[in-house]
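Contents: one structure, followed by commentary.
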Amino acid sequence: MKIRRVGAGDWVVWRGLRLAALADAPEAFLTTLETAQAFTDDDWRAALGPKRGLKAVAFVDDRAVGMVGAYVDDARPGAAQLISMWVHPDARSTGVADGLVEEALAWAREQGFGVVELDVEQGNGRASRFYERLGFTFTGESEVIERLSEASSMVCSRMARHLA
């Protein structure tokens with residue numbers, strides 16, 4: 001397995017993973033598959049621009065099998081935010097997810113952050129247990145998050161990991 005940080009030139013790979021993620025686990029993301037399918041090539045390139053934080057892709061035998069993102073939320077300036085985490089079903093339980101999170105944590109350290117936060121949908125026990133195994137803990141914060149393109153929402157709990 002190889003994890004590689006990607007940029008605007010990698011938009012085709014990122015688009016393929018993102019669309020696969022939205023088809024596989026629509027409940028885990030704010031954007032819907034229908035909305036993402038309508039993005040232009042320029043939209044995909046812009047999403048991977050240098051000021052958009054980290055985007056990383058996991059490859060196994062030159063096949064893209066997972067993705068993760070991290071960014072700085074101006075509303076929560078003390079912590080990096082982990083987002084867009086997804087691994088292809090064929091690559092789950094192989095260490096790919098661990099490697100992707102470690103890449104996001106490394107990026108956060110490079111940016112000078114001492115904390116990484118993420119939101120996990122309440123009731124998603126598998127994801128919660130995964131992040132807990134990697135040292136994330138629930139903060140006690142939760143919020144209702146509106147999906148970006150449909151009249152629905154999801155209730156998420158915040159988790160955080162302090163970096164050493």
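Per the working numbering, residue 1 is the first one in the sequence shown, and the count goes up by one each step.
The beta carbon of each residue, even a glycine, is placed where N, CA and C say it ideally should be.
All values derive from a computational prediction rather than experimental measurement.
Checklist entry - Are there three or more Cβ pairs, one per stretch, closer than 8 Å when the stretch 126–136 is compared with the stretch 41–53? => result The answer is no - the stretch 41–53 does not touch the stretch 126–136, with fewer than three Cβ pairs under 8 Å.
Checklist entry - Nearest CA to the CA of R109: which residue from A79, F130, M85 and V96? => result Nearest of A79, F130, M85 and V96 to R109, Cα basis: A79.
Item to check | Limits of the beta strand (DSSP E) - the one that D119 falls within | outcome: Judged by DSSP secondary structure, D119 falls within the beta strand (DSSP E) whose first and last residues are V115 to E121.
Item to check | Where the alpha helix (DSSP H) containing S128 begins and where it ends | outcome: Judged by DSSP secondary structure, S128 falls within the alpha helix (DSSP H) whose first and last residues are G125 to R133.
Next on the checklist: Whole angstroms are fine: how far does the CA of I145 sit from the CA of V57?
Outcome noted: So the alpha carbons of these two residues sit roughly 26 Å apart.
Next on the checklist: Cutting at 8 Å between CB atoms, please list the residues of its own chain near L22, excluding the five before and the five after it.
Outcome noted: The residues are F29, T31, T32, L33 and A36.
Next on the checklist: Measuring CB atoms only, is the stretch 61–69 touching the stretch 7–20, in the sense that at least three cross pairs come out at less than 8 Å?
Outcome noted: Yes: the two stretches touch, three or more of their Cβ pairs being nearer than 8 Å.
Next on the checklist: By the three-class DSSP mapping on this structure, what secondary structure does V96 have?
Outcome noted: DSSP places V96 in helix when its eight states are reduced to three.
Checklist entry - With C-beta atoms as the reference, is V116 less than 8 Å away from L82? => result In this structure, V116 places its C-beta atom within 8 Å of the C-beta atom of L82.
Checklist entry - Excluding sequence positions up to five away, which residues of its chain have a Cβ less than 7 Å from the Cβ of C156? => result Excluding sequence positions up to five before and after C156, its CB lies within less than 7 Å of the CB of D119, V120, E121, Q122, S142, E143 and I145, all in the same chain and listed in chain order.
Next on the checklist: Would W107 and A25 be called neighbours here (beta carbons separated by less than 8 Å)?
Outcome noted: No. Outside cutoff.
Checklist entry - Rounded to whole angstroms, how far is the Cβ of M1 from the Cβ of V60, which I believe are closer than 8 Å? => result That pair is a contact at about 5 Å.
Item to check | Boundaries (first-last residue) of the beta strand (DSSP E) holding Q111 | outcome: For Q111, no beta strand (DSSP E) run applies, since DSSP gives it neither H nor E.
Checklist entry - R76: buried (16+ other C-beta within 10 angstroms of its C-beta) or exposed? => result R76 should be labelled exposed.
Item to check | Test item: CB-CB of A164 and T139 under 8 Å | outcome: In this structure, the beta-carbon distance from A164 to T139 does not fall below 8 Å.
Next on the checklist: Under DSSP, the alpha helix (DSSP H) around A21 begins and ends at which residues?
Outcome noted: W11 to D24 is the span of the alpha helix (DSSP H), which, as asked, contains A21.
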